[in-house]
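Student: All residue numbers for the sequence shown refer to the numbering used here, where the first residue is 181 and numbers rise by one.
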Amino acid sequence: MLDANAVDYETSIPNNVGLSNDRRVLKALEKWHPGYLDWWNEMGPEGFQESLVYLRTAVGVEPGGWAKFDYVRMPEYRWGVLLAPKEEDRLIGFGQHKDQPAWQEVPGEYRAILQRLCVIQGDTEPASVEQQRHLGKTAPSLYDMRNLFQVNVEEARHLWAMVYLLQKYFGKEGRAEAEGLLFRRSGDDDKPRMLGAFNEATPDWLSFFMFTYFTDRDGKMQLESLAQSGFDPLARTTRFMLTEEAHHMFVGESGVSRVIQRTCDAMKQAGIENPFDIDKIRALGVIDLPTIQKKANLHYSLSLDLFGSEISTNAATAFNNSLKGRYKEDKIEDDHQLINATYPVLKPVDGQFVLVDEPALTALNMRLRDDYTRETDGGVSRWNRQMNKNGIDFEFKLPSVSFNRSIGLFSNIHTTPEGEALNQDEFLSRKDEWLPSSDDGAFVSSLMEQVTEPGSFAGWISPPRIGIDNKTGDFEYVRLQ
Ligand code: BYC
Ligand code: FE
Ligand code: FE
């Protein structure tokens, strides 16, 4: 007998949801599978489908020991459907259904909204793979290349996770949506991905590290909110996705940190003290700190847009109906229903920004975004401490939430990263001071050259402190074919 959480590797689709006894869903997934492989081959990492990559594959769902490492050709990766262990007698923790038993089926009245949440979540996963498909060709080392591909196969597994929910619980419409997830394309004018940031380019590795630091962390916050859901299959699915997510954000934070380290080392070695001596620093073949700040400004502001409008009735409805909770809902001490509660929302009023108390229910996107900002700030402080230790006088800062926004209360105004109002002409004429210009992009691109000698690294990034799976520095993480 299989234990309830064991993964069944016998069916074509590894899973711990008993697919071999669920013919209808197994069939639907098997029907979807060839189209998925076509998508992976067409839109997945370009030029590396034959390479052997040292990847971790999820083989269980228990903490510790849930993954195993081995060489795999990516198209042969065992993408599975894995849910976190079921909590017996789980009760809903928030909203109007608080303290009722969690639902094992979709409540009819919430079908549309739950389906929409799954589709939006599902849409972001393949989008990120599409955005990153060219990066293998400029990987600064085999270690980094492997991390990129690890992130890619796991985002693709997250697509599977949502497709499973759509096919199991949302009938014909769910199957149509599962096809739609393979049909849309990041950045395509006619069939774009659903959310803004997922249609932007990820042109170079610094962008990739910023994306995994800032945008994957939006993923974390959204998944944490969905992990509280009263719809138990969604809660369990997203909980398991979160175990994979930690590595994605590690890749981002450590990646940026290694870029900073290399720049600091090169500056010290050349005796350059002024971080704004950009031409001299670039001549060393490293990325100057102000350009790193600009990339952070861009990816942070794009990621803030992913939280939706500060004031949102969609968010209120999802919470009220016990479908999407708050970050760490189960650790918060209040009524978990937000009856009469308020939350301060930063608003532009007559050219000033003021905190206005709003009903907490409609301010849930703002609250989640604040939680997000606190977390992102943590990494920024660590990067600053690192520069400080290196004796370099520079400080990274997250820009104001009013800077460069396309969604919500600040989408119609322009400000500096410090939050000072500007008219559109002023903004456009000064934009290159704060966001990567085409020159900055061209410079960063000029450094992006593939390094494939095990243990070697491109000159603009320092080696990691430790290897993946405790491997030594010269381990061959990817066997190119
Ligand atoms: N771009 O009431 P509003 C991840 C739409 S990332 C375009 O303000 P709501 C990952 C919105 O859809 C996490 N459209 O916002 C990371 C709505 O349209 P409809 C992904 C946008 O609904 C890295 C209208 O504007 N998961 O996993 O409260 C790599 C008014 O909406 C945007 C989720 O997002 C935008 N940025 O909140 C791989 C969780 N923002 O319905 C993966 C599921 C808003 O009027 N999604 N709109 O046509 C949600 O919870 C919510 O849909 C949102 C928006 C938080 C996204
Ligand atoms: Fe994901
Ligand atoms: Fe991720």
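We treat Cβ as the ideally placed atom computed from N, Cα and C, and that holds for glycine.
Let me have the residue list for ligand 3: C-beta closer than 6 Å to any non-hydrogen atom, ordered along the chain.
Tutor: For ligand 3, the selected residues are 335, 396, 399, 425, 428.
Student: Can you give me the C-alpha to C-alpha distance between residue 375 and residue 304, rounded to a whole angstrom?
Tutor: Answer to the nearest angstrom: the Cα atoms are 7 Å apart.
Student: Which whole-angstrom value is the C-beta distance of residue 524 and residue 537, which I expect to be below 8 Å?
Tutor: That belief holds up - the Cβ atoms of residue 524 and residue 537 are roughly 6 Å apart, short of 8 Å.
Student: Residue 525 lies in the beta strand (DSSP E); which residues open and close that run?
Tutor: 522 to 529 is the span of the beta strand (DSSP E), which, as asked, contains residue 525.
Student: Quick check: is any heavy atom of ligand 2 less than 7 Å from the C-beta of residue 305?
Tutor: Checking every heavy atom of ligand 2 against the Cβ of residue 305, one is found closer than 7 Å.
Student: Compute the Euclidean distance between the alpha carbons of residue 332 and residue 531, then round it to the nearest angstrom.
Tutor: Rounded to whole angstroms, residue 332 to residue 531 spans 43 Å at the Cα level.
Student: Just checking my contact of residue 225 with residue 313 at CB under 8 Å: how many whole Å lie between their CB atoms?
Tutor: Yes, residue 225 and residue 313 are in contact; Cβ-Cβ is about 6 Å, under 8 Å.
Student: According to DSSP, is residue 418 helix, strand or coil?
Tutor: Three-state result, residue 418: helix.
Student: Pull up the DSSP beta-bridge partners for residue 411, would you.
Tutor: Residue 411 pairs with 283.
Student: Measure the beta-carbon distance from residue 578 to residue 480 and round it to whole angstroms, keeping in mind my assumption that it falls under 8 Å.
Tutor: Yes, they are in contact, since the Cβ atoms of residue 578 and residue 480 sit about 6 Å apart, within 8 Å.
Student: If you drop the 5 nearest sequence neighbours on each side, which residues of the same chain put their C-beta closer than 7 Å to that of residue 307?
Tutor: Hits under 7 Å: 366, 373, 378.
Student: Let me confirm a value: residue 604 is counted as buried when at least 16 other C-beta atoms fall within 10 Å, else exposed. Which label applies?
Tutor: Residue 604 should be labelled exposed.
Student: If we count the other Cβ atoms within 10 Å of its Cβ and call it buried at 16 or more, is residue 559 buried or exposed?
Tutor: The residue in question, residue 559, is buried, as its Cβ has 16 or more Cβ neighbours within 10 Å.
Student: Would you say the stretch 469 to 477 touches the stretch 612 to 622, given that touching needs at least three Cβ pairs under 8 Å?
Tutor: Judged by Cβ distances under 8 Å, the stretch 469 to 477 makes contact with the stretch 612 to 622, as three or more pairs qualify.
Student: What separation, rounded to the nearest whole angstrom, lies between the Cα atoms of residue 223 and residue 257?
Tutor: Near 15 Å, if we compare the C-alpha coordinates of residue 257 and residue 223.
Student: Under the assumption that residue 609 contacts residue 505 (Cβ atoms under 8 Å), give the Cβ distance between them as a whole number of angstroms.
Tutor: That pair is no contact at about 44 Å.
Student: Considering just the uninterrupted stretch of the alpha helix (DSSP H) at residue 474, what are its terminal residues?
Tutor: Element bounds for residue 474: 469 to 485.
Student: To the nearest angstrom, how far is it from the Cα of residue 293 to the Cα of residue 301?
Tutor: Distance between the alpha carbons of residue 293 and residue 301 is about 12 Å.
Student: With the cut-off set at 8 Å, would you say residue 274 and residue 517 are in Cβ contact?
Tutor: It is a contact, given that the beta carbons lie within the stated cut-off.
Student: To the nearest angstrom, how far is it from the Cα of residue 284 to the Cα of residue 189?
Tutor: When rounded, the distance between both Cα atoms is 24 Å.
Student: Cβ of residue 518 versus every heavy atom of ligand 4: is any distance shorter than 7 Å?
Tutor: Ligands displayed in this structure: ligand 1, ligand 2 and ligand 3; ligand 4 is not among them.
Student: Would you report the Cα separation of residue 465 and residue 356, rounded to the nearest angstrom?
Tutor: The straight-line gap from Cα to Cα measures roughly 49 Å.
Student: Taking DSSP's pairing of strands, which residues face residue 533 in a bridge?
Tutor: DSSP output for residue 533 lists 528 as bridge partner(s).
Student: To the nearest angstrom, report how far apart residue 437 and residue 566 are at their CA atoms.
Tutor: If you take the alpha carbons of residue 437 and residue 566, they lie about 8 Å apart.
Student: Measuring from the CB of residue 495, is there a heavy atom of ligand 1 at a distance below 7 Å?
Tutor: Residue 495: yes, Cβ under 7 Å from ligand 1.
Student: Excluding the 5 residues preceding and the 5 following residue 420 in the sequence, name in chain order all residues of the same chain whose CB lies nearer than 7 Å to its CB.
Tutor: Closer than 7 Å at the Cβ level, and outside the excluded window around residue 420, lie 241, 262, 263, 264.
Student: Based on Cα-Cα distance, which residue from 334, 359, 429, 229 lies nearest to residue 552?
Tutor: Here the closest residue by C-alpha is 429.
Student: Output needed for residue 182: all residues of its chain with C-beta closer than 6 Å, excluding positions within five of it in sequence on either side, in chain order.
Tutor: In this prediction, residue 182 scores a pLDDT of 48, lower than 50, which makes its location untrustworthy; the coordinate-derived value is nonetheless stated afterwards. Here the set comprises nothing.
Student: Using CA atoms only, rank isn't needed, just tell me which of 209, 249, 215 is closest to residue 657.
Tutor: Nearest of 209, 249, 215 to residue 657, Cα basis: 249.
Student: Say the cut is 7 Å; is the CB of residue 485 nearer than that to a heavy atom of ligand 1?
Tutor: Residue 485 Cβ: within cutoff of ligand 1.
Student: Under three-state DSSP, which class holds residue 253?
Tutor: Correct three-state label for residue 253: strand.
Student: What whole-angstrom Cβ distance do residue 336 and residue 309 have, given they're in contact under 8 Å?
Tutor: With 8 Å as the limit, residue 336 and residue 309 qualify as a contact, their Cβ atoms being about 6 Å apart.
Student: With three or more C-beta pairs closer than 8 Å as the rule, is the stretch 447 to 457 touching the stretch 581 to 600?
Tutor: Judged by Cβ distances under 8 Å, the stretch 581 to 600 makes no contact with the stretch 447 to 457, as fewer than three pairs qualify.
Student: Relative to the C-alpha of residue 196, which candidate in 381, 185, 620, 206 has its C-alpha closest?
Tutor: When only C-alpha atoms are compared, the closest one is 185.
Student: What's the C-alpha gap between residue 271 and residue 510?
Tutor: For residue 271 and residue 510, the distance between alpha carbons rounds to 11 Å.
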